[in-house]
Each structure stands twice: as structure tokens, then as C-alpha cells.
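Data first, discussion second: the structure below is written as C-alpha cells.
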Amino acid sequence: MDASLLVHFSTKIGGFSKGEYEGNNLAFHVGDEARVVEENREHIFNKLGIKSVADMQQSHSSNLKTVFEEERVLNCDGIFSTKKDLALLVLVADCIPLLFYEPKAGVIGAVHAGRVGVFEGIVEKSIKKLKDEFGAKSKSIRVWLGPSIRGCCYEVDGEALRESKDRFPSFVKGKNLSLDELVVKKLKEHSISQIYSSKICTCCHEEYFSYREKRVCGRQAGIIMLRDLDGKESI
Ligand SMILES: [Zn+2]
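Read in order, the letters of the sequence shown are residues 0 to 234 in numbering that gives the first Met the number 0.
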């Protein structure tokens, strides 16, 4: 069934947005024209063969939800589903787009892993949900960490720096936090070994939107979907 899985991380490249959002902005909430965001979404969804999408109004929480159909979940930072042909989408500009798949349970997840959510335990909560609700097994869980801001550029200060040093000292160098490495460590602590982590820093690479680099900017997406292959050709 692996052939039926779609995992995609979008870039800035290929969209119709102008000005500060130039390129493929997929977020409605950042001040870009809604009509253009619709166009960008339609364009990329068509290219990927996506017909229905669930996404979130993300709030830097650790709230998770199971979705069954196309919807925008409010105040939520992780969505999970076993529904075929329903794409799950997480929007980011520096935070980690974290995608989950467990083939035996046939479950997928899209999680917004920023510092606040990770410190609140969104990674652990996601794993627990996959196991408790869907019967997923750690050794079968696959996880993708898409491009995000990495230790080279992610400087934190004030209370965030204090908390980082206090709780996760080995992931702080000077004022810089390696959130992606912390997430990988948390996954490994839960016996997950199938981890695919992007080495791309969104702040260093200009083909990605980066909130650190430019406060007003678009958002790229992490997208995951299980295609229903019944009667269709394998991809
Ligand atoms: Zn960097």
C-alpha cells in the first residue's frame, strides 16, 4: 500500500501571489488576497491529484483532532485521519511540518510543530493518539520532518531561551535552539526509528517562506494523503 501514499512539502516556487507573499503562498490568514490563495491551492492540489483537503486554523497549541472529511479545524495544531483521498495539510514558515503514517493502521497525520507546541508535548501527544485511537505500533510509524528553521538560524531569547536551556540543554548552542533535533530525539525516545528529517533550513534557503527572515510572508505546506487505489492504477 506504500504506493498509495502522498507526502509533499511545498516551496515558494510556482504560485501566483505578489509582493510580500510572492510565490506559492497557501495560507489565508497572513494578509494575502484570498482569491490568489485559492488559485495557488487549486494549482498545487490539481498537480498532486488532490480533491479534498482538511487543514487547521493553527494556534501554537498542542490540540489534536481526528478528521473524517474536508474541513478547517479551529484552534488545532495536529489532524489525523484514516480517510482515503482526504489530504491533510499543515501550514508553516519556519515551524516544523511533521507528517505521520502508520501503514498497518492506515492512519496519517499532519502536525504543526513549533517551539511552543513541542515544549507543550505535541510530539508525545501525537504518538499517543496514533497508538490509543488507531492502534498504531511505534516500530511501524513513519515520520517526515519537512524543511524548517534549524539551529543555524533559530535564535531564541528571554523566557524561551531560559526554558530551552533548562529543559533541553543539549539542543541549545549559545542562543540557538535545534528544534528539529529535539523532535527527532523525542520520536526516538518513543521507539520510532523510521524518521526522515529534512536538512533544509527555511531561513537559509530563499525558496522557502521564513517568518524569522521576513515577518510578513506566505506559508508553505506539508501535505499527506492516502490514495484509494481500488480500481485505479498504482502510482
Ligand atoms: Zn539556517
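The beta carbon of each residue, even a glycine, is placed where N, CA and C say it ideally should be.
- At a Cβ-Cβ threshold of 8 Å, Asp93 and Tyr210 count as neighbours.
- Scanning the stretch 155-205 from its first residue to its last, the whole beta strand (DSSP E) runs of 3-plus residues come out as 193-196.
- As a beta-bridge residue in DSSP terms, Gln56 pairs with Leu73.
- Boundaries of the beta strand (DSSP E) harbouring His111: 106-112, taken from the DSSP string.
- In the DSSP assignment, His7 forms a beta bridge with Ile222.
- Rounded to whole angstroms, the Cβ separation of Lys184 and Gly150 is 13 Å, and the two are not in contact under 8 Å.
- Note on Arg214: under 16 other CB atoms within 10 angstroms of its CB, so exposed under the neighbour-count rule.
- Its Cα nearest to that of Phe79, the residue Ile126 stands out among Ile126, Gly48, Ser58.
- In this structure, Thr81 lies near Val106, with their beta-carbon atoms less than 8 Å apart.
- Taking Cys75 as reference, the option from Ser192, Gly13, Gly116, Gly134 with the minimal CA-CA separation is Gly116.
- In the structure shown, Tyr210 falls within a coil segment according to DSSP collapsed to helix, strand and coil.
- With three or more CB-CB distances shorter than 8 Å, the stretch 217-228 counts as touching the stretch 6-25.
- Put simply, the backbone Cα of Arg161 is about 9 Å away from that of Val155.
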